[in-house]
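Undergrad: Let me give you the structure first, and then I'll get to my questions.
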Amino acid sequence: MAAAVALQRTISAAVSAKALTTSERLGSAVVLIRPVIQPPFCAIRRLFDHLHANPNDAASLNAAYPKRGIFKTAAMVNKFSDQKFTIDLSPTRDSLIPQALRVSLNSHGFDDMLSFFRIAADTHVPTILSSLSQIAGTDLTLSHRQQSLNLNFRLCDYNPGTADPVSSNGCGEHTDYGTFSIIFQDGTPGLEIEAPYAPGTWIPIPGDATVVLAGWCALIMSGRRICAARHRVRRVPGVRRLSAVLFVAPDLDAKLKPTAGAPVNFSQKIMDGDISVEWFKEVMGKKWRYREGNLEFVGGEDDGVAQDDEIKRLIFG
Ligand SMILES: [Fe+2]
1 MAAAVALQRT ISAAVSAKAL TTSERLGSAV VLIRPVIQPP FCAIRRLFDH LHANPNDAAS
61 LNAAYPKRGI FKTAAMVNKF SDQKFTIDLS PTRDSLIPQA LRVSLNSHGF DDMLSFFRIA
121 ADTHVPTILS SLSQIAGTDL TLSHRQQSLN LNFRLCDYNP GTADPVSSNG CGEHTDYGTF
181 SIIFQDGTPG LEIEAPYAPG TWIPIPGDAT VVLAGWCALI MSGRRICAAR HRVRRVPGVR
241 RLSAVLFVAP DLDAKLKPTA GAPVNFSQKI MDGDISVEWF KEVMGKKWRY REGNLEFVGG
301 EDDGVAQDDE IKRLIFG
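Note that the UniProt record's numbering has the sequence shown beginning at 1, numbered continuously upward.
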């Protein structure tokens with residue numbers, strides 16, 4: 001993870017004025033790592049296929065976490081949402097799954113998938129947090145306590161069998177809310193990162209790369225020393241693409257504010273420490289679920305403001 005310093009906002013005017021290599025264009029937004037373990041994509045594919053073919057197991061899985069569900073299939077019926085299916089887990093949600101269901105799902109890849117996430121988290125999270133702490137100039141482990149580590153595991157299935165099979169919208173452009181995310185891919189291209197110095201310029205990431213990108217919480221806590229990377233996923237009609245994403249965020253009760261002395265001009269709410277990570281996640285998550293089709297707008301809720309724009313208003317005032 002030595003390359004983590006590349007998450008800094010360091011593209012100079014001189015560099016951005018000349019023709020850049022792909023590596024230079026990506027340089028300040030993301031870091032590519034060589035992971036100690038690859039996701040069991042065969043098992044992940046089996047798990048998605050099993051849940052689609054067995055609605056009873058899918059319903060039981062979602063009943064374990066009725067607040068939001070775990071297996072999300074809005075794209076089956078909504079052609080305007082992100083055209084993907086997801087399985088969203090966390091250590092907490094995992095603990096809610098009944099043993100009988102777990103035994104049933106284990107023969108369809110569930111335990112292989114969970115083992116992968118546990119190993120990936122144990123190995124990579126401490127080193128990446130340490131690198132980010134150096135960039136941020138503050139010890140981020142103080143707000144990412146080991147005993148309450150705020151982790152989420154997501155499996156994505158960019159499956160051609162959605163409501164709009166020819167849509168190229170796998171995942172709409174957005175910035176993750178947390179500290180950082182590790183995106184593992186199955187070799188299929190589709191992930192794109194927005195060049196931080198050139199909004200609207202989307203840079204394709206090789207399908208076999210494992211990507212670390214930072215989110216809003218890292219940008220705020222580091223006083224903008226860490227750059228949050230906007231990204232999206234484009235689909236190719238007829239091509240199935242799988243990914244596994246490990247999200248790391250600060251403790252839910254942590255205050256979302258920059259380190260003392262950071263040279264920034266955030267909104268008063270942020271500077272005063274009025275916003276908790278939990279509240280921020282709730283605000284952010286709502287638009288996230290609209291985009292993904294897992295929540296419908298009710299009267300007056302759709303203000304037409306994109307998710308990232310709403311967050312910018314909150315952070316920068
Ligand atoms: Fe994301």
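Glycine included, every Cβ here is placed at the ideal spot set by N, Cα and C.
As the structure is a computational prediction, the values presented were derived from the model and not from experiment.
Take the Cβ of E282 as the centre, count every other Cβ of all protein chains shown within 10 Å, and call the residue buried at 16 or more, exposed below.
TA: Here residue 282 is taken as the residue at index 282 of the sequence shown, counted from 1. It counts as exposed.
Undergrad: Measuring CB to CB, does S276 end up less than 8 Å from K257?
TA: Here the question's residue 276 lines up with position 276 in the sequence shown. Here the question's residue 257 lines up with position 257 in the sequence shown. No, they are not a contact pair.
Undergrad: Taking the alpha-carbon positions, what's the G27 to G200 distance?
TA: Start at 1 with the first residue of the sequence shown, and residue 27 comes out as number 27. Start at 1 with the first residue of the sequence shown, and residue 200 comes out as number 200. Because G27 sits at a pLDDT of 49, beneath the cut-off of 50, its placement in the model cannot be relied upon, and the following sentence gives the value as read from the coordinates. When rounded, the distance between both Cα atoms is 16 Å.
Undergrad: Pick from R45, T92 and A100: whose alpha carbon is nearest that of G109?
TA: If you number the sequence shown from 1, residue 109 lands on position 109. Checked all of R45, T92 and A100; the closest Cα to G109 is R45.
Undergrad: In terms of alpha-carbon separation, which member of F280, N265, A244 and G285 lies closest to A121?
TA: As a position in the sequence shown, residue 121 is number 121, starting the count at 1. The residue with the shortest Cα to Cα distance from A121 is A244.
Undergrad: From R234 to N159, what distance separates their C-alpha atoms?
TA: As a first step, residue 234 is located in the sequence shown; it is residue number 234 there, counting from the start. As a first step, residue 159 is located in the sequence shown; it is residue number 159 there, counting from the start. When rounded, the distance between both Cα atoms is 12 Å.
Undergrad: Would you mind reading off the limits of the beta strand (DSSP E) that contains H174?
TA: Translated into the one-based positions of the sequence shown, residue 174 becomes position 174. Start and end: N169 to T175.
Undergrad: Are the beta-carbon atoms of F247 and R154 separated by less than 8 Å?
TA: As a first step, residue 247 is located in the sequence shown; it is residue number 247 there, counting from the start. As a first step, residue 154 is located in the sequence shown; it is residue number 154 there, counting from the start. Cβ atoms of F247 and R154: closer than 8 Å.
Undergrad: At a cut-off of 7 Å, would you count H50 as near ligand 1, judging by its Cβ distance to the nearest heavy atom?
TA: Residue mapping note: residue 50 aligns to position 50 of the sequence shown, counting from 1. Answer for H50: no, Cβ out of range of ligand 1.
Undergrad: Only counting the same chain, and skipping five residues up and downstream in sequence, which positions put a Cβ closer than 6 Å to that of E310?
TA: Taking the first residue of the sequence shown as 1, we reach residue 310 at position 310. Closer than 6 Å at Cβ, skipping near neighbours: no residue.
Undergrad: Quick one: what does DSSP say K79 is sitting in, helix, strand or coil?
TA: Position 79 of the sequence shown holds residue 79. Three-state result, K79: coil.
Undergrad: My understanding is that E292 touches S81, with C-beta atoms under 8 Å, so please give their C-beta distance in whole angstroms.
TA: Counted from its first residue, the sequence shown places residue 292 at position 292. Counted from its first residue, the sequence shown places residue 81 at position 81. Contact holds; Cβ gap of about 6 Å.
Undergrad: In terms of alpha-carbon separation, which member of F184, H144 and I128 lies closest to Q38?
TA: Taking the sequence shown and counting its residues from 1, the one referred to as residue 38 is at position 38. Of F184, H144 and I128, the residue nearest in Cα terms is F184.
Undergrad: Does the contact criterion of 3 or more C-beta pairs under 8 Å hold for the stretch 126-141 versus the stretch 163-177?
TA: Verdict: no, contact absent.
Undergrad: Rank V125, D94 and T127 by C-alpha distance to the C-alpha of D111 and give the top, closest one.
TA: The count along the sequence shown starts at 1 and reaches residue 111 at position 111. The candidate whose alpha carbon is nearest that of D111 is D94.
Undergrad: Which residue comes first and which comes last in the beta strand (DSSP E) that contains R232?
TA: Here the question's residue 232 lines up with position 232 in the sequence shown. Looking at the DSSP string, the run of the beta strand (DSSP E) that includes R232 is R230 to R234.
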